[in-house]
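Enquirer: Handing you this structure, nothing more for now.
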Amino acid sequence: MPYGKTEIEFDLLPGMKGTVIHSQPIQPLANISASIDKALSEPINSAPLRGLAKKGDTACIVFTDITRACPDYLLIPPILRELYKAGIQEKDITLLCGTGLHRNSTYEEKVAKLGPELVEKYHVVDNEPQNPANFADLGKTDKGIPISLNKIAYETDLLISTGIVEPHQYAGYSGARKT
16 MPYGKTEIEF DLLPGMKGTV IHSQPIQPLA NISASIDKAL SEPINSAPLR GLAKKGDTAC
76 IVFTDITRAC PDYLLIPPIL RELYKAGIQE KDITLLCGTG LHRNSTYEEK VAKLGPELVE
136 KYHVVDNEPQ NPANFADLGK TDKGIPISLN KIAYETDLLI STGIVEPHQY AGYSGARKT
């Protein structure tokens with residue numbers, strides 16, 4: 016079985032069956048910008064972003080930190096255009112770096128993820144999980160596990176998240192549920 020840059024061999028336990036699944040090759044996108052615009056205007060199982068946002072709303076866009084290869088510098092500008100078309104003002108938009116339990120990101124890392132224009136123009140903040148004052152207490156699960164969420168994300172009218180799903184060395188896959 017392929018494993019990183021090598022291969023490993025192993026035996027399945029008695030009674031277990033295995034299947035090798037191969038990815039289907041796909042062509043790269045011919046026009047990334049047009050593809051992003053189409054995804055925003057014709058999403059799957061959702062109203063278009065412009066239809067979800069309303070004039071006077073606040074919006075929070077959660078983006079991944081420098082440890083993830085998500086091309087936020089390509090994704091966020093078209094999202095912002097859709098928010099403007101819906102009537103949301105620049106002052107009502109926050110870009111929240113979803114650091115998870117990682118350290119805060121540096122200015123240079125924010126610029127690498129978003130580009131200098133966005134970092135200079137918008138309110139860009141880190142999640143800061145080490146600062147309990149940044150989190151809304153949402154109670155506990157039925158098992159007594161505390162639930163909290165970043166206050167900016169919790170209090171915004173429209174919460175948007177970018178990200179990728181990729182293999183993770185400890186958590187199975189990163190992205191999606193982790194963002």
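For what it's worth, the working numbering labels the leading residue of the sequence shown as 16, then goes sequentially. Glycine is no exception: its CB is placed at the ideal position from the N, C-alpha and C atoms. From a predicted model like this one, the values you see are computed outputs, not experimental measurements.
#1: Name the residue from Leu27, Val77, Leu98, Glu124 whose alpha carbon lies nearest to the alpha carbon of Cys112.
#2: Would you say Val196 and Thr109 are within 8 angstroms of each other, going by their C-beta atoms?
#3: Counting only runs that start and end within the stretch 131 to 172, where is the beta strand (DSSP E) found for 3 or more residues in a row?
#4: For the candidate residues Ser48, Pro17, Leu129, whose alpha-carbon lies nearest to that of Ile36?
#5: What residue does the alpha helix (DSSP H) around Ala49 start on, and which one ends it?
#6: Could you say which of Ile59, Asp157, Ile167 lies nearest to Thr73 if we only look at CA atoms?
#7: For Ile162, which residues in the same chain have their Cβ closer than 7 angstroms to its Cβ, ignoring the five residues on either side in sequence?
#8: Any idea what DSSP makes of Glu22, helix, strand or coil?
#9: Measuring straight from C-alpha to C-alpha, what distance separates Lys20 and Ala186?
#10: Check the DSSP bridge columns for Ala68 and list the partner residues they point to.
Expert: On the basis of the supplied data:
#1: Val77
#2: Absent from the structure is residue 196, since the part of the chain shown begins at 16 and ends at 194.
#3: Secondary structure within the stretch 131 to 172: the beta strand (DSSP E) runs of 3 or more consecutive residues, fully enclosed, are 138 to 141, 150 to 155, 161 to 165 (chain order).
#4: Pro17
#5: Run containing Ala49: 47 to 56, per the alpha helix (DSSP H) assignment.
#6: Ile167
#7: Leu153, Gly154, Lys155, Thr156
#8: strand
#9: 20 angstroms
#10: Paired residue(s): none; Ala68 is not in a bridge.
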